[in-house]
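Number of protein chains: 2
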Amino acid sequence: MNIVFTFRPSRDMQSDIQATFPNETFSFYKGIEDVLSIEEAEILVTFGTDLTEEIIRQCHSLKWIMVASAGIEEMPLQAIKERDILVTNARGIHKIPMAEFTLGYMLNHVKRFAELRTLEQSETWNKQLPLGELCGKEVAILGTGAIGQEIARLSKAFRMSTIGVNKSGHHAEEFDQIFTIDELEAAVREADFVVSVLPSTKETVDLLQPEHFEAMKQTAAFINIGRGDLVSETVLLSAINDEEIAHAYLDVFAIEPLPEAHPFWRHPNITVTPHISSVTKQYVPRAMDIFVHNLRCFIDGGDYANVIDVEKGY
Amino acid sequence: MNIVFTFRPSRDMQSDIQATFPNETFSFYKGIEDVLSIEEAEILVTFGTDLTEEIIRQCHSLKWIMVASAGIEEMPLQAIKERDILVTNARGIHKIPMAEFTLGYMLNHVKRFAELRTLEQSETWNKQLPLGELCGKEVAILGTGAIGQEIARLSKAFRMSTIGVNKSGHHAEEFDQIFTIDELEAAVREADFVVSVLPSTKETVDLLQPEHFEAMKQTAAFINIGRGDLVSETVLLSAINDEEIAHAYLDVFAIEPLPEAHPFWRHPNITVTPHISSVTKQYVPRAMDIFVHNLRCFIDGGDYANVIDVEKGY
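These protein sequence lines are chains D and G, in that order. Under this note's numbering, the first residue of the first sequence carries the number 626, and numbering increases by one thereafter. Under this note's numbering, the first residue of the second sequence carries the number 626, and numbering increases by one thereafter.
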């Protein structure tokens, strides 16, 4: 089997993979532009942002694309679908870093760490800052897959109640209550935190509308670690400026990098982070575990992990 | 029964308590200096910092002191012991806010929120900051009572391993492994976080010595939410300056408030907070729950919660 990586895992990881599958031919490239004979690749391992329709057409022998990330929006899905190429991704490896990141900002919010930092910088001892707790609070999570469930699991460990929102209202582990996307207003009404982990699909673009922010508690914090196009910047900025909600923690944006001088950067009630919630030193090793599992299935048969429905886009 | 409060819970709480015990006489004062006839008090409810030997001598009828906090270091324990007065405290109500506070700083540390904040302030989009995870890391907790166990429970929810340290090495829930205080060096050796929740007793003053910091990982973070006299400021400052450990998160100090211009305030590897980890809006309500339980025991018999061994001081 001819297996082409369009990125380079560490040398140790490369040798490990080769040693695990001694009969297969692996080649590791720094980028897709360096690949010598892509037309011979039967399996492509990629971060998913380097494929074009043109490349898919060149890849006569391609049977499987392993995307070592979760976002597949930039992939030429139509061309892939026509050729009936298997697509799997690294969904699930994001759940740990993204859930930790989310709980980190939830704790920052109730424990007022930003204000404590400001006090420290001015050498001010002020015990009168009334700190809150996560205990007893409610979190509404838009998206009840692996990431949403991990956030819910940790929230429950903090003695919070958990609301999940998904398309059909189907059951998901770790949620006390589930709402459908059509019931979004009801779902967010009592929440102290509204967290979105939703991908960008035709159903999720501009999903959050002014009425949803109006329905939220004025003390609520909104955390978006999914995709920036979930809510238009105008709608979000109005909600914040009109004090419909207390704070927004944004890791994702309509345009990334967030442009210089964008009003989000300096807004006192908006915290901006550079699409970093899933970034972790454990990223590539975890993606490789999924790849190894799926390669075994490819060779010997078995149930693939994380097969993408190319039609639906997730 | 003549029950005297040397602080004032909210009016609602006062009426609730009176309604729960209609046959008892409650009086609520703003401070001990306002109490009209303290010699008639049979039960004193206090935050524990306003009692003196002189006052204990005046209180001829005193049978029980309910301390609505956890620290009893400022109490005239000798005088109390001679009179064989029951002392109970609010131990346990601190566990939720203190554990949340601790996990908050642990997440801040691995997720580098302080650096992300600095990037934001300079409107810099930098995705190259390698963020860490709590998952897979180890926390060593000095003190395995209610607070230590709650920190350990949450740490385990984050998929961490947990080491506990207590005097005798006795078993405690939520810890993967327990060490005695004599084995402290071994206990902290592999820890990514060393957290102290220890009270101030003759065994804990200056417990942490240079060799303990030398034994710790250079990447370790030390979090002290117990008492400041656990480690001398000189020892701690040397450990930080010599890079024996990476960071100290300090909520407690030998002298509080931390004096102006103290080197801890501006040290880049020390985070100072104003003894605030246990402060929460839920504090007094939770203390009152314990008081109500114990008052029932006082009247009808039963097992008191949180009885203090006046000899041992905890």
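We treat Cβ as the ideally placed atom computed from N, Cα and C, and that holds for glycine. Everything numeric in this text was worked out from a predicted model, so none of it was measured.
Please list the partners that residue i has in chain G, where partner means a Cβ-to-Cβ separation under 8 Å.
i, result
"I901 (chain D)", "L741, K752, L754 and L756"
"I721 (chain D)", "E758, C760 and R784"
Would a check of beta-carbon distances place residue i closer than 8 Å to chain G?
i, result
"P882 (chain D)", "yes"
"Q834 (chain D)", "no"
"E748 (chain D)", "yes"
"V779 (chain D)", "The question names Val, but residue 779 (chain D) in the sequence shown is Leu. So, interface residue."
"E869 (chain D)", "no"
"E725 (chain D)", "yes"
Starting from residue i, trace the beta strand (DSSP E) both ways and give me its first and last residue.
i, result
"L669 (chain D)", "I668 to T671"
"F738 (chain G)", "F738 (chain G) -> not in any beta strand (DSSP E); alpha helix (DSSP H) instead, spanning F738 to Q746."
"M691 (chain D)", "W689 to V692"
"A930 (chain D)", "Note, A930 (chain D): premise wrong, no beta strand (DSSP E); not H, not E."
When burial is assigned at 16 or more other CB atoms within 10 Å of the CB, is residue i buried or exposed?
i, result
"E763 (chain D)", "buried"
"S635 (chain D)", "exposed"
"P722 (chain G)", "buried"
"D854 (chain G)", "buried"
"L661 (chain D)", "exposed"
"D876 (chain D)", "buried"
"I880 (chain G)", "exposed"
"P884 (chain G)", "exposed"
"Q802 (chain G)", "exposed"
"R716 (chain G)", "buried"
"G789 (chain D)", "buried"
"Q703 (chain G)", "exposed"
"Q843 (chain D)", "exposed"
"E839 (chain D)", "exposed"
"A886 (chain G)", "exposed"
"G773 (chain G)", "buried"
"T645 (chain D)", "exposed"
"N648 (chain D)", "exposed"
"G673 (chain G)", "buried"
"T677 (chain D)", "exposed"
"S863 (chain D)", "exposed"
"S821 (chain G)", "buried"
"P899 (chain G)", "buried"
Please list the partners that residue i has in chain D, where partner means a Cβ-to-Cβ separation under 9 Å.
i, result
"Q843 (chain G)", "Within chain D, no residue comes near Q843 (chain G); the closest Cβ sits about 17 Å away, beyond 9 Å."
May I ask which residues mark the beginning and end of the alpha helix (DSSP H) holding residue i?
i, result
"L809 (chain G)", "L809 to V813"
"G773 (chain D)", "A771 to A782"
"Y939 (chain D)", "Careful: Y939 (chain D) lies outside any alpha helix (DSSP H) and carries neither H nor E."
"A846 (chain D)", "Counting along the chain, A846 (chain D) falls outside any alpha helix (DSSP H), though it belongs to the beta strand (DSSP E) covering A846 to N849."
"F889 (chain G)", "P888 to R891"
"L861 (chain D)", "E858 to N866"
"Y654 (chain G)", "Element bounds for Y654 (chain G): n/a, residue is neither H nor E."
"H837 (chain G)", "P835 to A840"
"I642 (chain G)", "R636 to T645"
Does residue i come within less than 8 Å of chain D when only Cβ atoms are used?
i, result
"T905 (chain G)", "yes"
"L732 (chain G)", "yes"
"K655 (chain G)", "no"
"L875 (chain G)", "no"
"G729 (chain G)", "yes"
"W890 (chain G)", "yes"
"F847 (chain G)", "no"
"F672 (chain G)", "no"
Name, please, each residue of chain D whose Cβ falls closer than 8 Å to the Cβ of residue i.
i, result
"V897 (chain G)", "E745"
"E885 (chain G)", "E748"
"F818 (chain G)", "Ordered by position in chain D, no residue passes the 8 Å Cβ test against F818 (chain G), which lies about 14 Å from the chain."
Name the chain A residues whose beta carbon is nearer than 7 Å to that of residue i?
i, result
"F800 (chain G)", "Chain labels in this structure do not include chain A; the protein chains are D and G."
Run down chain G in chain order and give the residues with a C-beta less than 7 Å from the C-beta of residue i.
i, result
"F624 (chain D)", "The shown model of chain D, from 626 to 939, leaves out residue 624 (chain D), and the question about it has no answer."
"F738 (chain D)", "G729 and N733"
Okay, do the region 838-857 of chain D and the region 722-739 of chain D touch, 3+ Cβ pairs below 8 Å being the bar? yes
Please determine if the region 748-755 of chain G and the region 751-763 of chain D are in contact, where contact requires at least 3 C-beta pairs separated by less than 8 Å. no
Inter-stretch contact (C-beta, 8 Å, three-pair minimum) for the region 884-898 of chain D and the region 907-921 of chain D: no
Between the region 686-697 of chain D and the region 904-917 of chain D, can you find at least three pairs of beta-carbon atoms closer than 8 Å? yes
Contact between the region 767-777 of chain G and the region 734-744 of chain G (3+ Cβ pairs under 8 Å): no
Quick check: the region 792-800 of chain D against the region 812-826 of chain D, are at least 3 beta-carbon pairs closer than 8 Å? no
If you pair each beta-carbon of the region 678-692 of chain G with each one of the region 853-873 of chain G, do three or more pairs fall below 8 Å? no
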